[in-house]
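In case it helps, full-length UniProt numbering puts the sequence shown at residues 1 to 464.
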Amino acid sequence: IGDKFTVKPDRLYEDLKAEYPGLEDLLSPILPNAGVVIVSRSWAVDLELGSNPDVVCDILLLSPNRYPTLYSVLNTEVSENGLNYSQKSAFALKQKLVNIGSYTGKLCVIPTVLCLNAEHGKSSSSGPVMDSSGPVMEYPETYKLEDLDTVKELLQSLSIVILSFRNLLSDKIGVEYFNLLTIEQYRLLSNNLINETLFVHGPPGTGKTVIALEIIKRIKNRFNCSTSDILYICENKPLRNYVRRYIICKVMTRAWFETLEEVNVKHIVVDEAQNFRLEKGNWFTKAKDITIKSNGVFWIFLDHFQKCHNKFTGLPEWRSQHKYILTKVVRCPQLIYSKMHEKMKTLATKFWLSFLNNVMEDSKCCHEIEGFYTMKSLSKANIVNYVSENCDKYLSEGYAQKAEEISRNAILVDSVRRFSGLECLIVFAIDPVSTYGYVNENLFICAASRATGKLHVLYEKNTE
1 IGDKFTVKPD
11 RLYEDLKAEY
21 PGLEDLLSPI
31 LPNAGVVIVS
41 RSWAVDLELG
51 SNPDVVCDIL
61 LLSPNRYPTL
71 YSVLNTEVSE
81 NGLNYSQKSA
91 FALKQKLVNI
101 GSYTGKLCVI
111 PTVLCLNAEH
121 GKSSSSGPVM
131 DSSGPVMEYP
141 ETYKLEDLDT
151 VKELLQSLSI
161 VILSFRNLLS
171 DKIGVEYFNL
181 LTIEQYRLLS
191 NNLINETLFV
201 HGPPGTGKTV
211 IALEIIKRIK
221 NRFNCSTSDI
231 LYICENKPLR
241 NYVRRYIICK
251 VMTRAWFETL
261 EEVNVKHIVV
271 DEAQNFRLEK
281 GNWFTKAKDI
291 TIKSNGVFWI
301 FLDHFQKCHN
311 KFTGLPEWRS
321 QHKYILTKVV
331 RCPQLIYSKM
341 HEKMKTLATK
351 FWLSFLNNVM
361 EDSKCCHEIE
371 GFYTMKSLSK
381 ANIVNYVSEN
391 CDKYLSEGYA
401 QKAEEISRNA
411 ILVDSVRRFS
421 GLECLIVFAI
431 DPVSTYGYVN
441 ENLFICAASR
451 ATGKLHVLYE
461 KNTE
């Protein structure tokens with residue numbers, strides 16, 4: 001932030017000005033000389049509240065010597081519904097800036113409604129702030145942002161608020177536990193929901209399943225629909241069971257989806273699509289037809305580096321896909337990522353998909369967690385002994401012995417294919433070799449990418 005005001009994200013602001021002529025003229029009188037203006041199609045959706053179809057956009061203004069102000073721009077006349085929307089959004093933002101963003105200064109967020117079709121310079125306003133009985137409540141001068149340093153301090157808290165998402169671990173430990181999105185993950189969520197069909201590509205560890213779950217939450221709030229209106233489809237049952245625990249949408253496998261004659265949903269999110277196949281009909285055509293009929297959202301998440309078979313997936317040719325590519329690896333430790341990257345280079349030269357070279361080259365591990373990696377070639381008996389000894393060691397360090405649920409810190413035995421899309425702190429990859437040699441690199445990547453801490457790759461030594 002400098003001496004002049006900044007508008008972020010600038011691309012979204014330009015899109016909105018193109019979509020709504022007159023928006024720039026409406027906003028010109030309120031734009032500050034210094035500070036920042038943060039634009040969103042709906043701050044309510046960003047804050048996990050329901051959207052309002054009459055709202056064109058929300059604009060948060062943070063400027064020295066002014067109160068933080070949330071402007072809600074309506075494309076209709078000002079109504080009680082619009083006023084309530086603005087006030088609830090401002091209240092939720094203030095709460096989260098304190099509770100999640102840990103802002104400790106004096107804070108208010110003034111809700112204000114602007115009417116896009118009002119005469120220029122005579123836009124309607126709801127504020128300052130109105131309580132339930134109607135009289136205006138004005139904040140003291142000390143609640144204004146004192147200077148640019150104060151604006152920057154509030155922006156730090158705001159960054160935490162808009163990038164945070166609730167971790168499932170919260171349900172286990174009884175404390176709200178949050179992770180942060182990467183900037184490219186946030187851009188995907190905030191800028192692309194208007195795209196009815198989107199193919200999200202990303203190498204292992206870029207958080208595709210995390211984003212799939214987050215976009216489901218945003219779809220629910222953006223379109224004010226119920227959990228029964230949204231469908232999540234995956235290939236394997238363990239991932240299906242994992243997602244069902246969130247209770248945010250309908251969840252089923254691709255195989256079950258193909259058997260159903262009628263699926264009453266409006267929006268569909270597909271995960272791990274690279275391992276889908278055609279068995280009882282074309283799942284892609286069926287899903288596409290459903291979302292077209294309901295004017296819904298259809299997002300497909302996939303990673304060709306983790307494809308475990310050589311059958312036709314049902315996906316359209318990559319050149320015809322409207323794509324978004326994730327490149328920042330956040331889940332895999334550096335040592336494990338570097339080994340996967342070697343295999344990705346090999347695969348990129350084999351695939352006819354030229355854009356995979358770009359995905360591989362642009363991908364980057366964006367943290368400094370080293371992790372643990374070892375690879376050994378052992379006889380079958382020695383593999384058993386090695387796993388047993390190391391499991392005993394990990395059990396003595398506090399890991400659970402049983403694994404009824406994938407989400408526990410536990411010992412779990414499963415195939416690479418069935419564990420696709422899931423993760424575990426410690427992974428033993430036992431002889432990740434296929435009878436079809438052309439997917440050996442894929443199998444290694446699939447197995448290795450499941451480990452978030454330690455990876456043991458154990459090949460069976462050829463005794464012949």
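Even glycine gets a Cβ: it sits at the ideal position worked out from N, Cα and C.
Review point. Is the distance from the Cβ of A90 to the Cβ of P64 below 8 Å?
Key: As a position in the sequence shown, residue 90 is number 90, starting the count at 1. As a position in the sequence shown, residue 64 is number 64, starting the count at 1. Not closer than 8 Å, so no.
Check your understanding: Would L193 be called buried (16 or more neighbouring beta carbons within 10 Å of its own) or exposed?
Key -> Translated into the one-based positions of the sequence shown, residue 193 becomes position 193. So L193 ends up on the buried side.
Review point. In terms of alpha-carbon separation, which member of E48, H304 and E441 lies closest to K96?
Key: Within the sequence shown, numbered from 1, the residue matching residue 96 stands at position 96. Nearest option by C-alpha distance: E48.
Practice item. Quick one: which unbroken beta strand (DSSP E) runs of 3-plus residues sit fully inside the stretch 191 to 234? Chain order, please. Key: Runs of the beta strand (DSSP E) spanning 3 or more residues and lying entirely within the stretch 191 to 234 occur at 197 to 201 and 230 to 234, in chain order.
Review point. For the beta strand (DSSP E) that contains Y394, what are its first and last residues?
Key: Position 394 of the sequence shown, counting from 1, holds the residue named residue 394. Counting along the chain, Y394 sits inside no beta strand (DSSP E); it lies in the alpha helix (DSSP H) bounded by residues K380 to S396.
Point to revise | Expected contact under 8 Å - CB spacing of K250 and L231 to nearest Å | key: On the sequence shown, residue 250 is found 250 positions in, with the first residue counted as 1. On the sequence shown, residue 231 is found 231 positions in, with the first residue counted as 1. Confirmed, about 5 Å.
Check your understanding: Applying the criterion that 16 or more other CB atoms from any shown protein chain within 10 Å of the CB defines a buried residue, is I215 buried or exposed?
Key -> As a first step, residue 215 must be located in the sequence shown, where it is residue number 215. Answer is buried; the Cβ neighbour count reaches 16.
Exercise for review: Measure the CB-CB distance between L31 and C57 and report whether it falls below 8 Å.
Suggested key: Here residue 31 corresponds to residue number 31 of the sequence shown, with the count starting at 1. Here residue 57 corresponds to residue number 57 of the sequence shown, with the count starting at 1. For the pair L31 and C57, the CB atoms are not nearer than the 8 Å cut-off.
Exercise for review: Would you please verify whether the beta carbon of S164 is less than 8 Å from any beta carbon of chain B?
Suggested key: Among the chains of the structure shown, chain B does not appear; only one protein chain is present.
Review point. Where in the stretch 243 to 283 do unbroken runs of the alpha helix (DSSP H), each at least 4 residues long, occur, reported from the N-terminal end onward?
Key: DSSP runs (the alpha helix (DSSP H)) wholly in the stretch 243 to 283: 254 to 259.
Exercise for review: Please determine if the stretch 245 to 263 and the stretch 281 to 294 are in contact, where contact requires at least 3 C-beta pairs separated by less than 8 Å.
Suggested key: With a cut-off of 8 Å, the stretch 281 to 294 and the stretch 245 to 263 count as touching, because enough Cβ pairs lie within range.
Point to revise | Outcome for P333 when other beta-carbon atoms lying within 10 angstroms are tallied against a minimum of 16 | key: Counting from one through the sequence shown, the residue named residue 333 turns up at place 333. With at least 16 other beta carbons inside 10 angstroms of its own, P333 counts as buried.
Practice item. Could you give the DSSP three-state label for A18: helix, strand or coil? Key: Here the question's residue 18 lines up with position 18 in the sequence shown. Three-state result, A18: helix.
Exercise for review: Give the straight-line distance between the Cα atoms of I233 and N241, rounded to the nearest whole angstrom.
Suggested key: Residue 233 sits at position 233 when you count from the first residue of the sequence shown. Residue 241 sits at position 241 when you count from the first residue of the sequence shown. Cα to Cα, the separation comes out at about 11 Å.
Exercise for review: Can you give me the start and stop residues for the alpha helix (DSSP H) that E153 sits inside?
Suggested key: Mapped onto the sequence shown, residue 153 falls at position 153. Membership of E153 in the alpha helix (DSSP H) is indicated by the continuous run L148 to L163.
Exercise for review: Reducing DSSP to helix, strand and coil, say where T6 ends up.
Suggested key: By one-based count along the sequence shown, residue 6 stands at place 6. T6 carries a strand assignment under DSSP once its states are collapsed to helix, strand and coil.
Review point. Is the CB-CB distance between residue 469 and L83 below 8 Å?
Key: Any property of residue 469 remains undetermined from this structure, which presents the chain solely from 1 to 464.
Practice item. Following the continuous beta strand (DSSP E) through N179, name the residue where it begins and the one where it ends. Key: What you label residue 179 is simply residue 179 of the sequence shown in a count that begins at 1. F178 to L180 is the extent of the beta strand (DSSP E) around N179.
Review point. What are the boundary residues of the beta strand (DSSP E) that includes Y67?
Key: Within the sequence shown, numbered from 1, the residue matching residue 67 stands at position 67. Where Y67 is concerned, there is no enclosing beta strand (DSSP E), because DSSP gives it neither an H nor an E.
Check your understanding: Taking the alpha carbon of H304 as the point to measure from, which residue in L326, V297 and S294 has its own alpha carbon closest?
Key -> For the purposes of this step, residue 304 is taken as the residue at position 304 of the sequence shown. For H304, the nearest C-alpha among the options comes from L326.
Check your understanding: Taking contact to mean at least 3 C-beta pairs separated by less than 8 Å, is the stretch 139 to 151 in contact with the stretch 98 to 116?
Key -> The answer is yes - the stretch 98 to 116 touches the stretch 139 to 151, with three or more Cβ pairs under 8 Å.
Review point. Ends of the alpha helix (DSSP H) at E24?
Key: Here the question's residue 24 lines up with position 24 in the sequence shown. Where E24 is concerned, the enclosing alpha helix (DSSP H) stretches over L23 to L27.
Check your understanding: Going by C-alpha distance, which of A255, P432 and E317 is nearest N236?
Key -> Locating residue 236 in the sequence shown gives position 236, where the first residue counts as 1. Taking the Cα of N236 as reference, the smallest distance to any Cα among A255, P432 and E317 is reached at A255.
Practice item. Tell me whether V384 is buried or exposed, calling it buried when 16 or more other Cβ atoms sit within 10 Å of its Cβ. Key: The sequence position of residue 384 within the sequence shown is 384, counting from 1. Residue environment for V384: exposed (fewer than 16 other C-beta atoms within 10 angstroms of its C-beta).
Exercise for review: Please classify E404: is it buried, with 16 or more other beta-carbons within 10 angstroms of its beta-carbon, or exposed?
Suggested key: Residue numbering aside, residue 404 sits at position 404 when the sequence shown is read from its first letter. For E404, the predicted structure reports a pLDDT of 41, less than 50, and the residue's modelled location is therefore unreliable. The matter cannot be settled from this model.
Practice item. Mind checking which residues open and close the beta strand (DSSP E) that includes I325? Key: Here the question's residue 325 lines up with position 325 in the sequence shown. Unbroken beta strand (DSSP E) run through I325: K323 to I325.
Exercise for review: Please check the pair V269 and E196, which I expect to be a contact at CB under 8 Å, by giving their CB distance rounded to whole angstroms.
Suggested key: If you number the sequence shown from 1, residue 269 lands on position 269. If you number the sequence shown from 1, residue 196 lands on position 196. Not confirmed; about 13 Å, so no contact.
**Study point:** Nearest-angstrom beta carbon gap, K343 and S373 [assumed within contact, 8 Å]
**Key:** Along the sequence shown, one-based indexing puts residue 373 at 373. Along the sequence shown, one-based indexing puts residue 343 at 343. Here the sequence assigns Tyr to residue 373, which means Ser is not the residue at that position. Taking C-beta atoms under 8 Å as the contact rule, Y373 and K343 fail to qualify, at a distance of about 13 Å.
Point to revise | Separation of L114 from L26, as counted between CA atoms | key: Walking along the sequence shown from the start, residue 26 turns up at place 26. Walking along the sequence shown from the start, residue 114 turns up at place 114. C-alpha separation (whole angstroms): 8 Å.
**Study point:** L395, buried or exposed, once every other Cβ within 10 Å from all chains shown has been counted against 16
**Key:** Reading the sequence shown from its first residue, position 395 is the one you call residue 395. With fewer than 16 other Cβ atoms from the protein chains shown falling within 10 Å of its own Cβ, L395 counts as exposed.
Point to revise | Where the beta strand (DSSP E) through S40 begins and ends | key: Counted from its first residue, the sequence shown places residue 40 at position 40. Per DSSP, the continuous beta strand (DSSP E) segment holding S40 begins and ends at G35 to S40.
Check your understanding: Quick one, which of L181, H201, L60 and I430 has its alpha-carbon nearest Q306's?
Key -> Within the sequence shown, numbered from 1, the residue matching residue 306 stands at position 306. It is H201.
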